[in-house]
Structure formats: structure tokens, C-alpha cells
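Trainee: Could you have a look at this structure, given as C-alpha cells, before my questions?
Chains as they are written, first to last, in UniProt numbering: chain E, 1 to 123; chain A, 1 to 142.
Printed below as a string of C-alpha cells:
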């Protein structure tokens, strides 16, 4: 018989993930009724890019920005109102996740910085 | 004194009975003042006004920085012609591109552009003027 000795941090992170997933799903279901306007979509886009800035880690910060831009570009062709509403609700839930995760990452920020963050190459 | 964003309107009464006059414009550093004055030959009770418009004019360095960011954001070649009056839409930018440009400008200049302000930006010059104003406001506040 094999016992999986998972550290407590793994269990807590799994619990956190499931809570965030359920919360995102519920908020998506709740707000997928009304079709958002173009101004609301752009406001969400701006909010996600602003929230991405809060990550102290370069890689996660750039990944979040890139993922946001790619997703909005991909969904720019949507024409069905229900699909637009669903995508918008999903974006709002992701914004909440990004904001929370930025806070979590800032609590465990490393003093080391990525070489990509250097303004001038020293050589 | 009525004040609307970067434009200030001042009305000064005049009791002189004279013919219509006009005044030119003069510049002081980055502040451009355009003054238009007129007087009517009429009763003193119907006093005329002097109309003054003050607008922040962006410096060439700011315009150049904005051009560079727009080029980078829209992946334009370095030799492409980009004037201050060039519209973003003419360069093939959509609304998402415009938001990305504004976000890039925020990071470059260390400012925060409000949503209503960013909606009014459609050319390089407008972006540069808004940045100049926000930078001045920021330096004035600190």
C-alpha cells in the first residue's frame, strides 16, 4: 500500500485552485446574461494589462500580458452575443484571479531580478 | 474663471469705446497662449469680453518618444514616415492596439491615463500633449 505524503502547501494550493475555479465558474454563469459593450470590453482589457503589471516576477508578468493580448485578439472575431457574454464573464473571473495571484506573488517576492529587466546591457 | 481640463477660459470686461481690435499669439516655454480680443462700439452696460485660450504644447522629445513607442507597438519599420498628425487608425491600429499604445506610454513615462482621457487619443500629437500635461501635473503635485 502506497501513502502519498503530500506537503501541506500542496494541499492548500490545490484547495485554493479549486476554490478559485469554482468562484470563476459561478461568476461566469451569473454575469453571462447581458452582452457587454465595446467600452466595457476595452475597460476589461485595460484592467487585465494593469493587473499584470503588479506581478513582481518578470516571466509571469510578461506571460500574463501576452496571454491577455492573444486571448482578446482571438475573441475579437466573435459575433454570437452568448459567446461574447461568456468570454467577457470568463475574462472578469480571470481578472479577479490575476489580482489575487499578484498579491500572493508579491508576498513571496524574490530579491533576484531577471536579466531581461535590465535597462542597459552591461557588456 | 471657468476651467476645463487643459483649457482655461478667462473673460475680462472692457469699458472702452473703441473699434474692434485683435491680438496675436505669444509663446512662453511649453505653454502656448492664444488671445483673441474684441471691443464693440456700444453702451458701457453691454460690455465686451476678451477671450483667452491656454493649451499645453508637447515638446519635440516627447513627440519623438511617442513615435518610437507607436512604431514598436504596431511593428512598423524604422523608415516608415510618422508625423505628429498621423492617426493611429491610418497606421492600421484597432481599438485594442490603441489601448496597448496607451499602456506602453504609461509605462514609459510613469503616468496613469484615465479611461476617458485615453478614448480621446487618436493621433501622435494628441497623445504627446496629454502626456505632457500629465507629467506636468505629476511634477507639480510632488
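Here a beta-carbon is modelled for each residue, glycine too, at the ideal position from N, C-alpha and C. These numbers were taken from a predicted model, which means no experiment stands behind them.
Report buried or exposed for residue 93 of chain E, applying the criterion of at least 16 other Cβ atoms within 10 angstroms of its Cβ.
Mentor: By the neighbour-count rule (16 or more Cβ atoms within 10 Å), residue 93 of chain E is buried.
Trainee: Less than 6 Å between C-beta atoms, sequence neighbours within five positions excluded: which residues of the same chain meet that for residue 100 of chain A?
Mentor: Once the five neighbours on either side are set aside, the close Cβ partners of residue 100 of chain A are 73.
Trainee: Name, please, each residue of chain A whose Cβ falls closer than 8 Å to the Cβ of residue 55 of chain E.
Mentor: Within 8 Å Cβ-Cβ: nothing; residue 55 of chain E doesn't reach chain A, min ~14 Å.
Trainee: May I ask which residues mark the beginning and end of the alpha helix (DSSP H) holding residue 69 of chain E?
Mentor: Residues 58 to 75.
Trainee: I need the DSSP call for residue 86 of chain E, collapsed to helix, strand or coil.
Mentor: Here residue 86 of chain E sits in helix by DSSP.
Trainee: Cβ of residue 135 of chain A within 9 Å of Cβ of residue 118 of chain A?
Mentor: No, these two residues do not count as a Cβ contact at 9 Å.
Trainee: Of all the options A:68, A:85, A:87 and A:88, which has the alpha carbon lying nearest to the alpha carbon of residue 79 of chain A?
Mentor: Among A:68, A:85, A:87 and A:88, the Cα nearest to that of residue 79 of chain A belongs to A:68.
Trainee: Against chain A, which members of the region 35 to 53 of chain E pass a CB distance test of less than 9 Å?
Mentor: Within the region 35 to 53 of chain E, the qualifying residues are 38, 39, 41, 42, 43, 45, 46, 49, 50 and 53.
Trainee: Does DSSP put residue 123 of chain A in a helix, a strand or coil?
Mentor: Strand.
Trainee: List the residues of chain A that residue 66 of chain E touches, going by C-beta distances under 8 Å, in chain order.
Mentor: Going along chain A, no residue has its Cβ under 8 Å from residue 66 of chain E, so there is no contact; the nearest lies around 11 Å.
Trainee: Using a Cβ-Cβ cut-off of less than 8 Å, give me the residues of the region 60 to 88 of chain E that come near chain A, in sequence order.
Mentor: Listed by position, the residues of the region 60 to 88 of chain E near chain A (Cβ gap below 8 Å) are 69, 72, 73 and 76.
Trainee: For the 8 Å Cβ check, are there 3 or more pairs between the region 105 to 119 of chain A and the region 84 to 93 of chain A?
Mentor: With the cut-off at 8 Å, the region 105 to 119 of chain A and the region 84 to 93 of chain A do not touch.
Trainee: What span of residues does the alpha helix (DSSP H) with residue 111 of chain A cover, start to end?
Mentor: Segment: none, residue 111 of chain A is in no alpha helix (DSSP H) and carries neither H nor E.
Trainee: Any beta carbon from chain E within less than 9 Å of residue 119 of chain A's own beta carbon?
Mentor: Yes, contact with chain E.
Trainee: Do the CB positions of residue 51 of chain E and residue 64 of chain E come within less than 9 Å of each other?
Mentor: In contact: residue 51 of chain E and residue 64 of chain E (Cβ atoms closer than 9 Å).
Trainee: I'd like to check one pair, residue 55 of chain E with residue 106 of chain E: are the Cβ atoms closer than 9 Å?
Mentor: Yes, Cβ-Cβ distance for residue 106 of chain E and residue 55 of chain E is below 9 Å.
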